[in-house]
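For reference, the structure is listed below as structure tokens.
Chains as they are written, first to last, in our numbering: chain W, 1242 to 1311; chain G, 28 to 159.
Next up, the structure:
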């Protein structure tokens, strides 16, 4: 799953460790999410969305190209 | 207390080395044949059930102490360890039929195989990620 976590983190000038601290996860977990090696759990995805003040689907892209208005 | 990935990276080197030593255990070539009695089966099944329930309860603590990323890696690696142990048991059974000088797998060896495959899978997932 693609995500904008790296971009959002850079916009806030946070290191992976700093972001991890705010989300209560390790730097390795942030790195794994950013490099697409791991999809965060739903609670963690909500935490990330809340931290950046954005909806989950604006941060994470599952590649689904269906009718978004349906 | 949260278990960090970097700490686990270092810690798992210990069981990895231990599992290799376990696999080096000298097996019995001429093990006495014993027929599986009903008592033996019942004892083993009951003991396994108790240990399995304890393990289920134990993983609850693991889950609380481990972040989701690490827990997912550990559980994926555990699945690999189980599959590897079953496949190795079958494959080694064939080897001992072909070459009778090779020892049968002992419990110690099996524990070694499980530990080695679990640790190897852990490092693999840390390196490659857990995505299919």
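Beta carbons: idealized from backbone N, C-alpha and C, even for Gly.
With a cut-off of 8 Å on the beta carbons, I'd call residue i and residue j a contact; round off their distance for me.
i, j, result
"residue 39/G", "residue 149/G", "6 Å"
"residue 1261/W", "residue 1250/W", "No, residue 1261/W and residue 1250/W are not in contact; Cβ-Cβ is about 10 Å, not under 8 Å."
"residue 1256/W", "residue 95/G", "Going by Cβ atoms, the distance from residue 1256/W to residue 95/G rounds to 21 Å, so no, they are not a contact pair."
"residue 143/G", "residue 47/G", "6 Å"
Would you kindly work out how many angstroms separate the C-alpha atoms of residue i and residue j, rounded to a whole number?
i, j, result
"residue 127/G", "residue 80/G", "38 Å"
"residue 156/G", "residue 1279/W", "6 Å"
"residue 1302/W", "residue 44/G", "41 Å"
"residue 1263/W", "residue 1292/W", "8 Å"
"residue 111/G", "residue 1266/W", "31 Å"
"residue 101/G", "residue 65/G", "35 Å"
"residue 78/G", "residue 33/G", "29 Å"
"residue 1274/W", "residue 71/G", "43 Å"
"residue 1246/W", "residue 125/G", "55 Å"
"residue 93/G", "residue 31/G", "8 Å"
"residue 239/G", "residue 121/G", "Only positions 28 to 159 of chain G appear in the structure, and residue 239/G is not among them; the question remains open."
"residue 139/G", "residue 1242/W", "35 Å"
"residue 146/G", "residue 1304/W", "33 Å"
"residue 130/G", "residue 108/G", "22 Å"
"residue 75/G", "residue 1287/W", "39 Å"
"residue 84/G", "residue 158/G", "27 Å"
"residue 1295/W", "residue 69/G", "57 Å"
"residue 1258/W", "residue 132/G", "45 Å"
"residue 1244/W", "residue 1298/W", "9 Å"
"residue 104/G", "residue 1285/W", "22 Å"
"residue 1277/W", "residue 91/G", "24 Å"
"residue 154/G", "residue 37/G", "14 Å"
"residue 1234/W", "residue 1289/W", "The shown model of chain W, from 1242 to 1311, leaves out residue 1234/W, and the question about it has no answer."
"residue 116/G", "residue 86/G", "26 Å"
So residue i is in the alpha helix (DSSP H); what residue range does that whole segment cover?
i, result
"residue 132/G", "Per DSSP, residue 132/G belongs to no alpha helix (DSSP H) and is neither H nor E."
"residue 39/G", "No alpha helix (DSSP H) contains residue 39/G, which DSSP labels as neither H nor E."
"residue 1288/W", "1283 to 1293"
"residue 1306/W", "No alpha helix (DSSP H) contains residue 1306/W, which DSSP labels as neither H nor E."
"residue 1253/W", "Counting along the chain, residue 1253/W falls outside any alpha helix (DSSP H), and DSSP gives it neither H nor E."
"residue 1269/W", "1268 to 1275"
Using DSSP's beta-bridge definition, name the partner residues of residue i.
i, result
"residue 1301/W", "1244/W"
**Q.** In chain order, each alpha helix (DSSP H) run of at least 4 residues that lies wholly inside the segment 51 to 124 of chain G
**A.** With a minimum length of 4 residues, the unbroken runs of alpha helix (DSSP H) contained wholly in the segment 51 to 124 of chain G fall at 65 to 92.
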